[in-house]
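Written out below as structure tokens is the structure these notes cover.
Set out below in structure tokens:
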């Protein structure tokens with residue numbers, strides 16, 4: 001009898017079931033037990049694979065998408081990559097409106113995956129015709145046979161994580177999770193995951209991470225959009241200058257804000273101490289955990305799960321570039337190691 005060939009039918013079958021990894025050295029002085037859901041293990045190297053596949057497949061079931069259709073989306077880079085990857089397998093064209101804040105690495109990757117990319121100015125209001133939201137809407141109107149994913153206002157964004165990320169974390173922790181800490185951009189990851197987890201145990205504390213320059217934290221606290229909160233910041237995929245309809249604020253207990261500089265340094269620290277090469281928002285979520293620990297948010301029995309959304313390779317020209325860090329004024333808080341001569345083993 002011949003042995004069977006064990007292979008996946010295509011790359012999309014690898015989406016989900018990402019590992020939960022205990023954080024050791026970076027958490028050794030923190031109170032509690034800390035675990036990272038490492039979403040870079042998705043084939044597109046980010047949590048956005050989950051929503052791209054779910055939304056596209058729901059559109060197929062509804063008969064909205066057929067072979068040769070065009071998929072259009074606004075993205076800081078990760079969702080775009082996931083959509084481009086899915087479009088290749090499923091036979092769709094892909095058009096992406098991308099924020100100029102996205103790293104050159106991300107933009108180059110999108111183009112390498114066959115997507116047509118429009119780079120739009122980051123620091124304009126959401127309703128400005130130049131914003132990537134408005135550009136995507138215009139392209140959708142102009143492109144016959146297209147769909148606009150609209151992840152910021154698409155309830156399927158939350159549903160993808162409700163059906164996958166939440167159940168995975170619950171199973172991986174044996175139901176012992178006490179806290180979920182996650183960044184909030186579109187809000188789909190934290191909201192969908194939190195909804196599922198709180199249905200299993202309403203006492204689980206859910207804390208969203210926001211950026212200075214974003215409106216989410218204050219909106220959660222007051223119910224009002226305060227435009228005075230809006231100013232430019234550098235972290236990609238975190239915070240917003242609008243209120244995303246894909247965020248369920250009732251599923252989030254509180255928000256905490258982190259700075260660009262501390263988040264960048266903490267991402268580097270994760271890579272150096274845990275050997276997990278993470279992106280900018282992973283640094284943000286770990287920085288939030290440090291700040292929460294200083295506020296005595298955890299005890300020795302806390303089982304804290306944080307979500308590391310993507311891979312560090314997308315930030316080589318940013319947080320992993322000493323020149324970029326220096327240009328932002330971030331390196332005066334960290335000693336940069338000097339380049340060493342190669343020493344050969346004899």
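Residue numbers (full-length UniProt numbering): 1 to 346.
Note that the Cβ used here is the ideal one computed from N, Cα and C, for glycine as well.
Note that the structure is a prediction, hence the values are computed from the model and not measured.
The three-state secondary structure of residue 72, taken from DSSP, is strand. Annotation: residue 322 to residue 111 spans about 26 Å, alpha carbon to alpha carbon. Contact between the region 166-185 and the region 207-216 is present: three or more C-beta pairs spanning the two stretches fall below 8 Å. Per DSSP, residue 41 is not a residue of any beta strand (DSSP E), being assigned neither H nor E. In terms of CA proximity to residue 201, 174 leads the group 227, 174, 66 and 225. The three-state secondary structure of residue 233, taken from DSSP, is coil. Contact between the region 266-274 and the region 209-222 is not established, with fewer than three Cβ pairs separated by less than 8 Å. Within the same chain, and ignoring the five residues on either side of residue 70 in sequence, the residues whose Cβ sits closer than 8 Å to its Cβ are 92, 93, 94, 95, 143, 145, 146 and 147.
With 16 or more other Cβ atoms from the protein chains shown falling within 10 Å of its own Cβ, residue 244 counts as buried. Collapsing the DSSP output to three states places residue 182 in a strand. Only buried fits residue 79, as 16 or more other CB atoms lie within 10 angstroms of its CB.
Residue pairing by DSSP places residue 33 opposite 303 in a beta bridge. Of the residues assessed, residue 102 falls on the buried side of the cut-off, its CB having 16 or more other CB atoms within 10 angstroms. Cβ-Cβ separation between residue 149 and residue 83: approximately 7 Å, consistent with a contact (criterion under 8 Å).
Between the alpha carbons of residue 318 and residue 277 lies a gap of roughly 14 Å. In this structure, residue 302 and residue 33 form a Cβ contact; the two beta carbons are roughly 7 Å apart against a cut-off of 8 Å. When secondary structure is reduced to three states using DSSP, residue 124 falls in the coil class, being assigned neither helix nor strand. Counting C-beta pairs with one atom in each stretch, the region 38-45 and the region 11-18 have three or more that are closer than 8 Å, which means they touch.
For residue 208, the pairing in a beta bridge is given by DSSP as 182 and 255. Classified as buried, residue 26 has 16 or more neighbouring CB atoms from the shown chains inside 10 Å of its CB. Assignment of residue 147 by DSSP, reduced to helix, strand and coil, places it in the strand class. Nearest to residue 154 by C-alpha distance, out of 272, 116 and 186, is 186.
The beta carbon of residue 72 lies closer than 6 Å to those of 95, 136, 139, 140, 146 and 148 in the same chain, with the five residues before and after it left out.
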